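The block underneath contains the structure these notes are about, expressed in structure tokens.
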Amino acid sequence: MQTPFQRLGEDKIRELCDAFYHAMDTLPEAAGIRAMHAKDLGPISNTLAEYLIGWMGGPPLYHDKKGTVCLTDPHAPYHIGPKETGQWLLCFDAALKAINASDDVKAMLHGPIRQVAAAVQNRDHSNAAEKDPNIIAVGRT
């Protein structure tokens, strides 16, 4: 079975991240998480792309730059509860649609990306990363 990186490739993952932040910037339902970001979404789109490229089975660009793949620390200052997690997933699903991702790719990413989103959530529940720290590190359970 091919990895998501093999199915999408680096350019399509970068397109996915641009579409993700475009959705965040334009969907009224995502206003809560949009407010957590800088005006210029370009740098964070690149950071997410570097993370997802490695997480999806490609080269570890994020790890090579940051030396870690932990996502909980950078998100710790922000209130990320179920509402914010839902907004994030709404944007991710919109981005998959915007890049015309195949149903196979959508199905491949559906569960794991929701586990990552749950692991970053830091309010209103116990953190999934406490149960399995590998969820964020490698994108699998």
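This note's numbering numbers the first residue of the sequence shown as 6 and each following residue consecutively. Don't be surprised by glycine CBs; every beta carbon is placed ideally from N, CA and C. Quick caveat, the model's predicted, so the values are computed rather than measured.
Under 8 Å between C-beta atoms, does residue i make it to chain D?
i, result
"D108", "The chain labelled as chain D is not found in the depicted structure, where only one protein chain is given."
Quick one: Cα of residue i to Cα of residue j, how far?
i, j, result
"D30", "V74", "25 Å"
"S107", "Q11", "13 Å"
"T90", "I58", "21 Å"
"M113", "D78", "26 Å"
"Q92", "R119", "12 Å"
"K111", "I49", "23 Å"
"A161", "L46", "Residue 161 cannot be examined here, being either before or after the span of the chain that is shown, 6 to 146."
"H42", "A81", "14 Å"
"G14", "G63", "8 Å"
"P9", "G72", "23 Å"
"A40", "N105", "27 Å"
"N51", "C22", "7 Å"
"H68", "P117", "19 Å"
"L53", "M6", "24 Å"
"A122", "M61", "15 Å"
So, with DSSP's three-state summary, where would you put residue i?
i, result
"L32", "coil"
"A134", "Low confidence applies to A134: its pLDDT is 49, below 50, so where it sits in the model is not reliable, and the reading given next is rough at best. Here A134 sits in helix by DSSP."
"C75", "coil"
"S107", "coil"
"M113", "helix"
"D129", "coil"
"K44", "coil"
"G63", "coil"
"G37", "helix"
"G91", "helix"
"D16", "helix"
"Q7", "coil"
"H68", "helix"
Is it true that the CB of residue j sits closer than 8 Å to the CB of residue i?
i, j, result
"L95", "E34", "yes"
"E55", "K44", "no"
"V125", "L76", "yes"
Tell me where the alpha helix (DSSP H) around residue i begins and ends.
i, result
"I58", "47-60"
Let me check you understand the geometry: is the CB of residue i closer than 7 Å to at least one non-hydrogen atom of the ligand ADP?
i, result
"R39", "Questions concerning the ligand ADP fall outside what the structure shown contains, since it holds no ligand whatsoever."
Do the segment 78-91 and the segment 117-129 meet, that is, are 3 or more Cβ pairs less than 8 Å apart?
In short, these stretches touch, since the Cβ pair count reaches three.
Assess contact between the segment 19-35 and the segment 87-101, defined as three or more Cβ pairs (one per stretch) separated by less than 8 Å. Is contact present?
Yes, the segment 19-35 is in contact with the segment 87-101.
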